[in-house]
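Following: one structure in structure tokens, then a few remarks.
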Amino acid sequence: MGSAAAPLSAEVETFYGLATPPTSYGGYGGTSQSRQEDAKYIFQYPAGWKSEIINKRDKGTQGVDCRIYNPANKLQQVFVITLGRAGEDNRSFRITNVDATLEGFAGADYDMLDALGDAVMRKDEFREVDGQQYFDVEFASPSQHYLSSITVNAGKVYAMFVKSPEKIFAENEASLRAIRASFRTV
1 MGSAAAPLSA EVETFYGLAT PPTSYGGYGG TSQSRQEDAK YIFQYPAGWK SEIINKRDKG
61 TQGVDCRIYN PANKLQQVFV ITLGRAGEDN RSFRITNVDA TLEGFAGADY DMLDALGDAV
121 MRKDEFREVD GQQYFDVEFA SPSQHYLSSI TVNAGKVYAM FVKSPEKIFA ENEASLRAIR
181 ASFRTV
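When the letters of the sequence shown are read in order and numbered with full-length UniProt numbering, they come out as residues 1 to 186.
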């Protein structure tokens with residue numbers, strides 16, 4: 001089980017991710033901050049952070065489902081990648097090699113591959129929430145710090161990444177850890 005994170009401040013918003021196909025993106029839907037009944041995953045983030053519209057290219061080629069950033073420093077952000085098994089009925093992803101899974105997601109964020117290769121710190125944990133298994137991986141290079149959480153649910157893989165420049169990670173560490181801890185599939 002992973003360690004508990006400090007709660008976010010009282011001022012939080014909940015993101016309801018829809019994990020819809022690439023044709024739904026580019027301003028046509030795909031993610032919502034209010035469609036709780038349709039959500040496939042949720043997480044909380046500090047009020048005042050901004051949501052970025054994901055385009056069809058980012059969703060279709062990189063699997064990025066949402067991106068929320070801190071307007072005080074846009075390099076501090078959270079993004080979720082969702083991948084489904086196309087055309088393979090009754091098939092499901094299984095996470096058997098966390099390293100390979102992380103490297104597979106590195107294309108969605110150009111800093112991630114460098115951070116994985118230049119890591120000066122890495123911590124792997126496993127947690128279970130309501131019967132759902134989450135692989136939490138924290139890694140940091142001299143320039144970037146990542147908190148990630150990866151899970152499989154209903155035939156899709158969901159991966160959340162909380163990214164921060166290393167030099168300012170400590171300033172918001174409790175909130176950044178709480179964002180990752182709030183990540184759930186529903």
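Heads up, the beta-carbon is just placed ideally off N, CA and C, and yes, glycines get one too.
By alpha-carbon distance to ARG177, the top candidate from ASP111, VAL78, MET112 and VAL129 is VAL78. A residue is called buried once 16 or more other Cβ atoms fall within 10 Å of its Cβ, and ALA170, having fewer, is exposed. By alpha-carbon distance to PHE183, the top candidate from GLU173, GLY60, ALA159 and GLY155 is ALA159. With respect to PHE135, LEU116 sits apart: the two C-beta atoms are not nearer than 9 Å. If you look at ALA159, you'll find it in the beta strand (DSSP E) that goes 156 to 165. The alpha carbon of ARG67 has as its nearest neighbour, out of GLY107, GLN36, LYS50 and ALA154, the alpha carbon of LYS50.
MET112 sits close to GLN144, with the two beta carbons spaced by under 9 Å. Assigned with DSSP and collapsed to three states, LEU18 falls in coil, not helix or strand. Excluding its 5 nearest sequence neighbours in each direction, ARG94 has C-beta neighbours in its own chain below 8 Å: VAL152, listed in chain order. In the structure shown, the three-state DSSP call for LYS123 is strand. Taking 8 Å as the upper bound for CB-CB distance, ALA47 and GLU13 are in contact here, some 5 Å apart.
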